[in-house]
Every structure is written in C-alpha cells, then in structure tokens.
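Numbering (numbering that gives the first Met the number 0), first residue to last: 0 to 264.
Since the structure comes first, as structure tokens, the remarks are kept for the end.
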Amino acid sequence: MLRRLDEGNLPDKCVVLTADDGYRSIAENAHPLLKKYQMPMSVFIASKPVDKKYTAMMTWQQMRDIQGDIMQFYNHGIDHSYFLKLDKAQIQAQINQAQNRLNQELNQREKILAYPYGEASLPILKQVRKLGYSAFGQHSGVVSNTSNRQHLPRFPMAAHYAKMPNFKTKINTLPMPIKAQNINPIFEKNPPTLTLEFTQPLNKHQKANLQCFANGGVTMAWQGNQKVEITANKKLTQRRSKYNCTLPSEQKGRYHWHSVQWIKR
Numbered sequence: 000m001l002r003r004l005d006e007g008n009l010p011d012k013c014v015v016l017t018a019d020d021g022y023r024s025i026a027e028n029a030h031p032l033l034k035k036y037q038m039p040m041s042v043f044i045a046s047k048p049v050d051k052k053y054t055a056m057m058t059w060q061q062m063r064d065i066q067g068d069i070m071q072f073y074n075h076g077i078d079h080s081y082f083l084k085l086d087k088a089q090i091q092a093q094i095n096q097a098q099n100r101l102n103q104e105l106n107q108r109e110k111i112l113a114y115p116y117g118e119a120s121l122p123i124l125k126q127v128r129k130l131g132y133s134a135f136g137q138h139s140g141v142v143s144n145t146s147n148r149q150h151l152p153r154f155p156m157a158a159h160y161a162k163m164p165n166f167k168t169k170i171n172t173l174p175m176p177i178k179a180q181n182i183n184p185i186f187e188k189n190p191p192t193l194t195l196e197f198t199q200p201l202n203k204h205q206k207a208n209l210q211c212f213a214n215g216g217v218t219m220a221w222q223g224n225q226k227v228e229i230t231a232n233k234k235l236t237q238r239r240s241k242y243n244c245t246l247p248s249e250q251k252g253r254y255h256w257h258s259v260q261w262i263k264r
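Okay, structure coming up:
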C-alpha cells in the first residue's frame, strides 16, 4: 500500500488490515482465516514482551511459521512505552532496538512503525521521518496522497466498533477533499480548534451536510465556502480525544472522512 501510495496509483478500494502488539490469537485465530481467504495483515510487534516470553504473546518461532504473503511483522517499539514521555534519545532507542530484533528474528528490514497508543507530536513525526520510517497512528480516516507519511490514519475495528455494518461503511469511505495539514496533536488551548481548508469551495448543500463530532458536540464557524473552524463545545478531559468529520460524497453510500487525534498532556 505504501509503495502504491508513493507511486500515486493507490486503488480506489484498497484496504489494509493491521493489528498491534502481537497477541497469540493472531497466530491461533486470525492467521487461519486470513490464509483461507487470502487476505494479508500487517502486525506491529513490541519486541520486549516477546523476548520475555509473555504467554499472551506470539513467540518469534510462531511469527516465523506464519510470516509470508499473508502475514508480515513491523515495529511497535520495545515495550509499548508512551513516546510522549520519552526524550529524543529514548525514542530512537525504542525504534532502533525493536527494529534490530525484527531484523535478527524475522529478517524484517522494512521501516514501518505504529506508535504505541497512536500517540505522537510534531517533533516525534520529524524524528521518525529522519529515521526513514513510515508510521501509523490510531486516528480514524482514509490514507490518501495528502496524508502525512509519518502519521497515517487507521480505523479501529475492535470491541463496539467490530460490527459488520460499521465495517462496510468504513472500508467504503473516501478521503476528505482538504489541503494537507501539519497539526500538532498536543494542544495548548482547551478545547482546541481544528481548521479544515477544502481543495475547492463547497456549495450550500455540501456545507449543510458536513458533520463534525466530539464529546459534547462542536461549533463550526465557516470562513467563506472553503474553510471552516471546528471547536468542541466542552473542554477535552481525556488523555486522547478525537474530532471526526464526515461529508457525503457523490457516490451513493460513500462518505468522505477525516479525523484528528488530540492529546492532553
């Protein structure tokens, strides 16, 4: 997917399945089904729990047994630490040491990372880019040409999100037609304001149908027909919060989707 994205030929209906942490259920439950239906998955591994042989986690041997066209394993740091609580040297150690273990055990040299808890800041994104990694967060949305390669979105599909109608809706979503953004998830003003600038002016109908969501609702302030500011009506109290925005597309049953994760320090 990343290669196709860089080449500019990402198919309209391209879906990538991912899982974090490397629980044993990946090998025991997910892999047989994915192999049966020939559906690949990328799994992000924190190396220390595997090295310590935690019983809930896959072993390196289990990963070697199922690694191939259906299953690939990538970097999730050493021990699932909050990167935002670490300094620059510690973050680099988390990434490099985990990558070394993936190289040693699985001969995996591709530089693809998933941030623990999906948390990152602009300085971390810059550091990860300098290290040569593409990286994924945990904020909802569609990967597109305007996506930040060091902060790619993923839809959650677990617990109460794991409903088939919900899954069908999300795999059919489209990227929001907005200009590329460089947002720092660490906000200072609470609640933070998100500004969306669309690639083209929206008509009256489109403006009326743009919906944005946050806990407690949002206030939307338009600046003409191409830019809108979205602010939650209440202060964000959780460590991680999201603003989600959707816009019906011209294709029946398909929505444009954009999400931003905010992190309260």
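C-beta atoms are modelled at their ideal positions from N, C-alpha and C, and glycine is treated no differently.
Because the structure is a prediction, the values reported are computed rather than measured.
Asked	Found
What is the rounded straight-line gap between the Cα of Pro-115 and the Cα of Ile-65?	24 Å
Do Tyr-22 and Ala-55 come within 7 Å of each other at the CB atom, strictly closer than that value?	yes
Are Leu-209 and Leu-246 close, meaning C-beta to C-beta below 7 Å?	yes
Of all the options His-79, Leu-16, Glu-6 and Ile-77, which has the alpha carbon lying nearest to the alpha carbon of Arg-153?	Leu-16
Report buried or exposed for Ser-139, applying the criterion of at least 16 other Cβ atoms within 10 angstroms of its Cβ.	buried
Check the DSSP bridge columns for Ala-220 and list the partner residues they point to.	Glu-228
If I follow the unbroken alpha helix (DSSP H) through Val-99, where does it start and stop?	The sequence as given places Asn at residue 99; Val does not occur at that position. First-last of the alpha helix (DSSP H) with Asn-99: 87-105.
So, does the region 110-125 touch the region 82-89, judging by three or more C-beta pairs under 8 Å?	yes
Report the CB separation of Ile-185 from Ile-262 in whole angstroms; it is logged as a contact under 8 Å.	5 Å
So, helix, strand or coil for Phe-166, using DSSP?	helix
Take the Cβ of Gly-136 as the centre, count every other Cβ of all protein chains shown within 10 Å, and call the residue buried at 16 or more, exposed below.	buried
Going by DSSP, what residues sit across from Trp-256 in a beta bridge?	Pro-174 and Thr-245
Just how far apart, CA to CA, sit Tyr-53 and Asp-78?	12 Å
By DSSP, does Ser-46 sit in helix, in strand, or in coil?	helix
On a Cα-Cα basis, can you pick out the residue from Thr-192, His-30, His-159 and Lys-162 that is closest to Val-42?	His-30
DSSP has Met-57 in a bridge; who is on the other side?	In the DSSP output, where bridge partners are listed per residue, Met-57 has none listed.
Give the single residue among Arg-2, Tyr-254, His-75 and Lys-47 whose Cα lies nearest to the Cα of Asn-165.	Tyr-254
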